[in-house]
Amino acid sequence: MTTAHSSSAHERSQRAHRYAAARHSTELEGGYIAADKQQPFDDYVEGRIDENELVRRVRQTCGLPAEK
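For what it's worth, UniProt numbering labels the leading residue of the sequence shown as 1, then goes sequentially.
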């Protein structure tokens, strides 16, 4: 389920900052986000999906069960 959201420049900046911090933390732990798995994060930063949808997509991509 994709949820459309309006996105101000400030909101986009905040989402981009949160994503960059999470990505950096992942890289410090030796992980990475493969280029072919990047789309949900781009959709989140651009405001096309919200945090709940991002988590749902990432869990699905990783083969994890849906949250209850």
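The beta-carbon is built from N, C-alpha and C at its ideal position, and this holds for glycine as well. Given the structure is predicted, the values throughout are model-derived calculations rather than measurements.
Given a length threshold of 3 residues, the UniProt domain "Antitoxin VbhA" (15 to 60) has no whole run of the beta strand (DSSP E) inside it.
Look at residue 67 here: in three-state DSSP terms it is coil, with no helix or strand label. Per DSSP, reduced to three states, the secondary structure at residue 8 is coil, with no helix or strand assignment. A residue is called buried once 16 or more other Cβ atoms fall within 10 Å of its Cβ, and residue 65, having fewer, is exposed. Around the C-beta of residue 57, 16 or more other C-beta atoms lie within 10 Å, and the residue is accordingly described as buried.
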